[in-house]
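Here's the structure, in structure tokens; my notes come after.
Numbering (my numbering), first residue to last: 703 to 1357.
Rendered as structure tokens:
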């Protein structure tokens, strides 16, 4: 499964997981290792597995909460952080309160965020007050940004002609009616091992919609590489873009290439010299624009040594003969100890836009503006609606119509592949009134915030399919097709899941009939099941399905075994039939997956589903089977956890 850092910077490396025994310690160790590599999806999987050995472990709950926070699943993160705080009676993991405050800040729940910081200090006044003050400063700054920006700007998605369930990013103008953008949706060709890579597309547009795009010619889109992040000079004569592939250490390195437009066609691209493409390191995300009579100026991102942080922004001048000067680091007003991404330079106003994860802002990556040549200039957050509580980057403007532009974001509402905030969509904006730098300066001045240096995430997990197993998928009571005696169904698991998840409040109300718990405990129990069992496993199913599809694309055969289960409210014979319907809904899910991409494999011997209809697995002594006790037989999370199917094994036969 491709993780979010491919979508940001295309700094990639494969990793492998060693085999481990199924113990709490081994799961936690695997989770900590994945967390350290910023592979939060895998880390969360391992932590959830370890919870089976210690359901109320505060550390594990905190780590699961942090995984969700860093994957921008804020509501789920809060549920887990609250659980950590509730069970951490000895206050060993006080940082969970600060993580909660940061999560609430990103959700624009500023007062609740301040309360979380106050709770951190109230429990033990000897806590690090400077850290608490830093969090309060971030919260106050974010609130100020939201108060003073955004009400005159229209920001809309570029629509389905541009945005897919995969990641679409790095949109830029060629002219007033033509754009270039990158998309991570294409299968490699000419290689034995198939993979998904990015390519560069072009599309025309008007003030309302974007027309169907087309790929740039193969001379630009090398079919075996990642090709992305194209930038074209204002005179439309020169294009610079990133091309990325693995080196001998299995690390993907990005380099910058230049192509010239001659007689309407882009020519064979040339790799820029070693001054730009530092050997062994990445150079990516270019912006090339006019420098007047001096030629062009190139801004780009690199993780080369000698910078301020993990990835820095550099600039170089290009003369009329195509020679690039030795790049200069853009300095500490722009570059922090963290990551800076996606520079865009407006040569008309001498303003540099870029994204950073280490300046005060609203979310993960915010977009900022500065005049890099003004010694007195401040770095300014450009505010709403450009920024959100999520990742916002790849800001670009139409230099002829500077009130119009593009950006990429994983904010809610993007087209989904693996969860609500997995992948990036391209948005376009049309402000009715352009703010000047002076107006932005009146909103906020953003000083750099020191962050703890961490190893750059240059990895994308090649997770073994077995890591996802057993994969438990949950169903509403008697679904699909209540009271049916058929063993098959037309329903698919996606629609069943969405309908089930929409009933959160119904299940909370139904469980209130259980008088053994307080109202707060009842709500927490239901919310935890919906977040950590129902929702989490559905998203794991999406990742699992992506991995299965890649195996099939690579020419391999896949055999999946599924076991059905049910709660004991109905009699055993009916439950066996119901289990078969639930397994059939899973087959229907795969028939529709990625617009039917698996259909031919399912209809052949390439993808085989083996059914193990187990029926009910727990006795009525554990779960109520009484129709007049719906609080426990239907709404109790214990009963809900038995209404499931389990993907118990998968076998891949390599061709």
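Ideal placement from N, C-alpha and C gives every residue a C-beta, glycine not left out.
Spatially closest choice to residue i from the options, by CA coordinates
| i | options | result |
| --- | --- | --- |
| residue 797 | 807, 1350, 834 | 834 |
| residue 890 | 744, 1171, 920 | 920 |
| residue 950 | 982, 1001, 966, 932 | 982 |
| residue 779 | 1180, 1084, 802 | 802 |
| residue 1354 | 1286, 1305, 1256 | 1256 |
| residue 1227 | 1285, 1341, 1184, 1126 | 1341 |
| residue 774 | 1106, 1112, 1262, 1234 | 1112 |
| residue 1223 | 785, 1099, 808 | 785 |
| residue 791 | 760, 783, 821 | 760 |
| residue 1083 | 726, 781, 846 | 846 |
| residue 868 | 885, 855, 860 | 885 |
| residue 878 | 862, 899, 887, 909 | 909 |
| residue 813 | 832, 831, 839, 788 | 839 |
| residue 1337 | 1250, 1213, 1298 | 1213 |
| residue 1235 | 1352, 781, 740, 739 | 781 |
| residue 842 | 1195, 806, 875, 825 | 806 |
| residue 809 | 1169, 825, 848 | 848 |
| residue 765 | 756, 750, 777 | 750 |
| residue 918 | 980, 898, 881, 947 | 881 |
| residue 1007 | 985, 995, 996 | 985 |
Integer-rounded CB distance, given that residue j should sit under 8 Å from residue i
| i | j | result |
| --- | --- | --- |
| residue 1175 | residue 1246 | With 8 Å as the limit, residue 1175 and residue 1246 do not qualify as a contact, their Cβ atoms being about 10 Å apart. |
| residue 1040 | residue 1011 | 5 Å |
| residue 871 | residue 903 | Wrong, their Cβ atoms sit about 11 Å apart, outside the cutoff. |
| residue 1013 | residue 977 | Not quite, the Cβ-Cβ distance comes to about 18 Å (not below 8 Å), so this is no contact. |
| residue 1173 | residue 1242 | 6 Å |
| residue 661 | residue 1088 | The structure shown does not extend to residue 661, since the chain is modelled only from 703 to 1357, so the question has no answer here. |
| residue 1191 | residue 1263 | Actually they are not in contact, since the Cβ atoms of residue 1191 and residue 1263 sit about 20 Å apart, beyond 8 Å. |
| residue 1184 | residue 1193 | At roughly 11 Å, the Cβ-Cβ gap does not stay under 8 Å, so residue 1184 and residue 1193 are not in contact. |
Span of the alpha helix (DSSP H) around residue i
| i | result |
| --- | --- |
| residue 942 | Careful: residue 942 lies outside any alpha helix (DSSP H), inside the beta strand (DSSP E) at 940 to 948. |
| residue 1339 | 1339 to 1342 |
| residue 745 | 742 to 753 |
| residue 768 | 760 to 772 |
Element boundaries [beta strand (DSSP E), containing residue i]
| i | result |
| --- | --- |
| residue 928 | 928 to 934 |
| residue 733 | Per DSSP, residue 733 belongs to no beta strand (DSSP E); it is in the alpha helix (DSSP H), 726 to 738. |
| residue 1107 | 1103 to 1111 |
| residue 1175 | 1173 to 1176 |
| residue 989 | 985 to 992 |
| residue 866 | It is not in any beta strand (DSSP E) - residue 866 carries neither H nor E in the DSSP assignment. |
| residue 1095 | 1094 to 1100 |
| residue 883 | 880 to 889 |
| residue 1043 | 1042 to 1048 |
| residue 789 | Run containing residue 789: none in the beta strand (DSSP E); it sits in the alpha helix (DSSP H), 776 to 789. |
| residue 1167 | Element bounds for residue 1167: n/a, residue is neither H nor E. |
| residue 900 | 898 to 906 |
| residue 1084 | Segment: none, residue 1084 is in no beta strand (DSSP E) and carries neither H nor E. |
| residue 1351 | 1346 to 1355 |
| residue 855 | 855 to 859 |
| residue 964 | 953 to 964 |
Close Cβ partners of residue i (< 7 Å) along its chain, the five nearest in sequence each way excluded
| i | result |
| --- | --- |
| residue 647 | Residue 647 lies beyond the residue range present for the chain, which begins at 703 and ends at 1357; the question has no answer from this structure. |
| residue 1301 | 1293 |
| residue 1052 | 1073, 1075 |
| residue 1356 | 1258 |
| residue 1037 | 1009, 1010, 1011, 1014, 1015, 1031 |
| residue 752 | 726, 729, 730, 733, 762 |
| residue 864 | 870, 883, 905, 912, 915, 1128 |
Other residues of its chain near residue i: CB distance less than 8 Å, five sequence neighbours each side excluded
| i | result |
| --- | --- |
| residue 1178 | 1198, 1201, 1202, 1205, 1345 |
| residue 1253 | 1167, 1260, 1354 |
| residue 1188 | 1279, 1283 |
| residue 998 | 935, 940, 990, 991, 992, 1019, 1020 |
| residue 1026 | 974, 975, 977, 978, 1000, 1018, 1019, 1020 |
Chain D within 7 Å of residue i, Cβ atoms only
| i | result |
| --- | --- |
| residue 1341 | Here there is only one protein chain, and chain D is not present. |
Cut-off 6 Å between Cβ atoms - residues of its own chain near residue i, not counting five sequence neighbours on either side
| i | result |
| --- | --- |
| residue 1057 | 1043, 1044, 1067, 1069, 1095 |
| residue 819 | 803, 834, 837, 838 |
| residue 1250 | 1260 |
| residue 1122 | Caution is warranted here: a pLDDT of 44 is assigned to residue 1122, below 50, making its placement in the model unreliable, and no coordinate value can be reported. |
| residue 789 | 758, 760 |
| residue 706 | Residue confidence for residue 706 is low, a pLDDT of 40 falling below 50, so the modelled location carries little weight; the figure read from the coordinates is stated next. For residue 706, where only same-chain residues beyond five positions count, there are no Cβ hits under 6 Å. |
Quick one: complete alpha helix (DSSP H) runs, 4+ long, within the segment 1188 to 1260?
-> Taken in chain order, the whole alpha helix (DSSP H) runs of length 4 or more contained in the segment 1188 to 1260 are 1195 to 1203, 1206 to 1213, 1221 to 1230, 1238 to 1255.
Whole alpha helix (DSSP H) elements within the segment 1281 to 1306, 4-residue minimum | 1301 to 1304
Please go through the segment 791 to 851 and give each complete beta strand (DSSP E) segment of 3 or more residues, from N-terminal end onward.
-> none
What are the start and end residues of each continuous beta strand (DSSP E) run of 3 or more residues lying completely inside the segment 995 to 1078, in chain order?
-> DSSP runs (the beta strand (DSSP E)) wholly in the segment 995 to 1078: 998 to 1004, 1014 to 1020, 1042 to 1048, 1053 to 1058, 1068 to 1072.
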